[in-house]
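A.B. asks: The structure under discussion is supplied below as structure tokens; questions concerning it will follow.
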Amino acid sequence: MPIYALVDGNSFYASCQIAFQPELINRPVVVLSNNDGCIVAANSIAKNLDLTHTPANSLGSGGYRAASPSSMMFQPFFKVAPLLKKYNTAVFSSNYELYADMSQRMHNISAQFAFRQEIYSIDESFLDFTGLPKENLESHAIKLKQRVFQWIGIPVAVGIGHSKTQAKLANHLAKKQANGVLDLTQMQTSTLHALYKQVKVKNIWGVGRQLSQQLTEQGIETAYDLIKCDPKSLRKRFSVNIERIALELNGQACLSFHESPANKQNIVSSRSFGQNVTEFSVMREAVSSYVATAAEKLRKQHGTCQAVTVFITTPPYQTRLPQYRNQYTLPLIYPTDSTILLTKIALRALQHIWQPGYQYQKASVMLSNIQNKTSLQTDLFAPNPQYSGNPKSDRLMKTLDKINQQMGKNTLQLASSGLQKNRWKMNRNLISKRYTTNWQELLTVKAN
């Protein structure tokens, strides 16, 4: 029987900030979304601040109250900024460069403790513990947890089960354990069922809000209620997905293990602007920059695309402004991964939909019809394409990626991306340093 572990970084974005500023460990810490709009991450101290329309003088001693995490998460920053300041909360803009690098380091450390690893998200990975001594699984997980914290300062929780869903549920419960580790595979059935009775169906991996409401209406309120249902009946009443979830909770592995993440069928690069864009030249720079980001991701998965879509929109909630949104897709004759050609196509699509006189809030670029580069098929009777399978173009793109990887993002870029990105880039006024990826921003340690 397989045994899987799920390793999850606790409050990952906030933990990345605390790792380089340990003086924050006993303070509330929150991280904001693009353009510093909403709270998207918070440490446990910040989550226990009650910020929902609560007068400052009504909070308990120290300002802390047992509050639902939803009272903190996704709150508009401008609404809660005064309270955050009152309780000495450390507030950061999203530092994607730092989080991505710390994620890679965390996954690399976790991979040392298993035969196989499946990276599930930026802060989660499944490990295959099958074949390890069962009596040592918990101590093995504790060593993993200790090494991650010792090497990079990120606290993690580890859940162990006979299926991915069990491991995911174990991880959810492990965060409430003193040592941050929970092994469901060694539990007696009665103890396991007692735990399942404490877990609402909405907290089960794969059960969304709408499905959880449907299940609750049918009297299925907890994980225990779900595993007691007949799987075939669940399939008839709901879907094959909920049948699999019930089987997985019962320890029957239905979800396969993927060591290599599946390649994306579409790659989207999209950002809201820090300030509304009114000039075509500025929009042109933004779209060019987004294409470069998408094309780099395309090359990382060794793919080529055969269609480019550009989308632009005005602020949908600012009804006082004239409203406009549009998109345009252009196909390519030959599939390509060249930033140069993809930029040319994207700017041509932008010209089709650009309308002057509007204040644009956002632009998006999508690369679609993606296929593996090794299976690239061209026209036998046509001359060699300039950008598809052309050795000169391939060498140029490899050089571009290598320089930007070693020297920092956008060290080398197309002129069409512009040099004054402050005219359209998103607001990140509270961003921390990129401690691990930029030579000028390395942490400085001074001896007394």
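Here the sequence shown stands for residues 609 to 1056, numbered as in our numbering. Glycine included, every Cβ here is placed at the ideal spot set by N, Cα and C.
1) With C-beta atoms as the reference, is Ser-896 less than 8 Å away from Leu-949?
2) In angstroms, rounded to a whole number, what distance separates the CA positions of Gln-785 and Ser-747?
3) Would you tell me roughly how many angstroms separate the C-alpha atoms of Pro-636 and Ser-619, rounded to the nearest one?
4) Rounded to a whole number of angstroms, what is the C-alpha to C-alpha distance between Arg-673 and Leu-657?
5) Mapping the DSSP letters down to three states, classify Lys-970 as helix, strand or coil.
6) In the structure shown, what three-state DSSP assignment does Gln-785 receive?
7) According to the neighbour-count rule (16 or more other Cβ atoms, all chains shown, within 10 Å of its Cβ), is Arg-892 buried or exposed?
8) Is the beta carbon of Ser-1025 sitting closer than 8 Å to the one on Phe-700?
9) Considering only C-alpha positions, which residue in the set Leu-1027, His-910, Asn-811 and Leu-1008 is nearest to Ser-889?
10) Keeping to the same chain, check which residues put their C-beta closer than 8 Å to that of Ser-623; ignore five residues upstream and five downstream.
11) Where Leu-781 and Lys-952 are concerned, what is the direct C-alpha to C-alpha distance, given to the nearest angstrom?
12) Is the number of C-beta pairs between the region 967-976 and the region 908-915 that are closer than 8 Å three or more?
13) With DSSP collapsed to three states, give me the class of Leu-938.
14) Please report the residue range of the alpha helix (DSSP H) in which Ser-641 lies.
15) Rank Gln-963, Thr-947, Arg-1036 and Ser-1001 by C-alpha distance to the C-alpha of Asn-1018 and give the top, closest one.
16) Pop quiz: Ala-698 and Leu-632 are said to be a contact at Cβ under 8 Å. What is the actual Cβ separation, rounded to whole angstroms?
17) Please classify Ala-870: is it buried, with 16 or more other beta-carbons within 10 angstroms of its beta-carbon, or exposed?
18) So, are the CB atoms of Lys-808 and Thr-830 less than 8 Å apart?
19) Just to confirm before moving on: does the CB-CB distance between Ala-894 and Phe-881 stay below 8 Å?
20) Measure the C-alpha to C-alpha separation of Phe-685 and Asn-643 and round it to an integer number of angstroms.
21) Looking only at its chain, what residues have a beta carbon closer than 7 Å to the beta carbon of Leu-1051, apart from the 5 residues adjacent to it on each side?
22) Going by alpha carbons, who is nearest to Val-885 out of Ile-727, Ala-722, Tyr-966 and Asn-1012?
23) At the level of alpha carbons, what is the spacing between Asn-634 and Gln-625?
C.D. replies: Concretely, from the data shown:
1) Mapped onto the sequence shown, residue 896 falls at position 288. Mapped onto the sequence shown, residue 949 falls at position 341. Between Ser-896 and Leu-949, the CB-CB gap reaches or exceeds 8 Å.
2) Here residue 785 is taken as the residue at index 177 of the sequence shown, counted from 1. Here residue 747 is taken as the residue at index 139 of the sequence shown, counted from 1. The straight-line gap from Cα to Cα measures roughly 14 Å.
3) Locating residue 636 in the sequence shown gives position 28, where the first residue counts as 1. Locating residue 619 in the sequence shown gives position 11, where the first residue counts as 1. For Pro-636 and Ser-619, the distance between alpha carbons rounds to 12 Å.
4) Start at 1 with the first residue of the sequence shown, and residue 673 comes out as number 65. Start at 1 with the first residue of the sequence shown, and residue 657 comes out as number 49. Only weak support exists for where Arg-673 lies, its pLDDT of 45 falling under 50; the value from the coordinates is given anyway. So the alpha carbons of these two residues sit roughly 6 Å apart.
5) As a first step, residue 970 is located in the sequence shown; it is residue number 362 there, counting from the start. Taken through DSSP and simplified to helix, strand or coil, Lys-970 comes out as strand.
6) On the sequence shown, residue 785 is found 177 positions in, with the first residue counted as 1. When secondary structure is reduced to three states using DSSP, Gln-785 falls in the coil class, being assigned neither helix nor strand.
7) Translated into positions along the sequence shown, residue 892 becomes position 284. Buried: at least 16 other Cβ atoms inside 10 Å.
8) As a working mapping, residue 1025 is identified with position 417 in the sequence shown. As a working mapping, residue 700 is identified with position 92 in the sequence shown. Not in contact: Ser-1025 and Phe-700 (Cβ atoms no closer than 8 Å).
9) Start at 1 with the first residue of the sequence shown, and residue 889 comes out as number 281. Scanning Leu-1027, His-910, Asn-811 and Leu-1008 for the CA closest to the CA of Ser-889 turns up Leu-1027.
10) One-based indexing of the sequence shown puts residue 623 at position 15. Taken in chain order, the residues that qualify are Gly-617, Asn-651, Gly-761, Ile-762 and Pro-763.
11) Residue numbering aside, residue 781 sits at position 173 when the sequence shown is read from its first letter. Residue numbering aside, residue 952 sits at position 344 when the sequence shown is read from its first letter. Roughly 51 Å between the two C-alpha positions.
12) Touching, per the Cβ criterion.
13) Indexing the sequence shown from 1 puts residue 938 at position 330. Leu-938 falls in the strand class under three-state DSSP.
14) Along the sequence shown, one-based indexing puts residue 641 at 33. For Ser-641, no alpha helix (DSSP H) run applies, since DSSP gives it neither H nor E.
15) Position 410 of the sequence shown holds residue 1018. Comparing Cα-Cα distances from Asn-1018 to each of Gln-963, Thr-947, Arg-1036 and Ser-1001, the minimum goes to Thr-947.
16) Within the sequence shown, numbered from 1, the residue matching residue 698 stands at position 90. Within the sequence shown, numbered from 1, the residue matching residue 632 stands at position 24. For a cut-off of 8 Å, the C-beta gap from Ala-698 to Leu-632 is around 5 Å, short enough to register as a contact.
17) By 1-based counting over the sequence shown, the position of residue 870 is 262. So Ala-870 counts as exposed.
18) The residue given as residue 808 occupies position 200 in the sequence shown. The residue given as residue 830 occupies position 222 in the sequence shown. Contact: yes.
19) Counting from 1 along the sequence shown, the entry for residue 894 is found at position 286. Counting from 1 along the sequence shown, the entry for residue 881 is found at position 273. Yes, Cβ-Cβ distance for Ala-894 and Phe-881 is below 8 Å.
20) The sequence position of residue 685 within the sequence shown is 77, counting from 1. The sequence position of residue 643 within the sequence shown is 35, counting from 1. For Phe-685 and Asn-643, the distance between alpha carbons rounds to 10 Å.
21) As a position in the sequence shown, residue 1051 is number 443, starting the count at 1. Setting aside the 5 residues that flank it on each side, Leu-1051 is surrounded in the same chain by Phe-628 and Tyr-1043, each with a C-beta closer than 7 Å to its C-beta; the list follows chain order.
22) Here the question's residue 885 lines up with position 277 in the sequence shown. Closest by alpha carbon: Tyr-966.
23) Taking the sequence shown and counting its residues from 1, one reaches residue 634 at position 26. Taking the sequence shown and counting its residues from 1, one reaches residue 625 at position 17. The straight-line gap from Cα to Cα measures roughly 13 Å.
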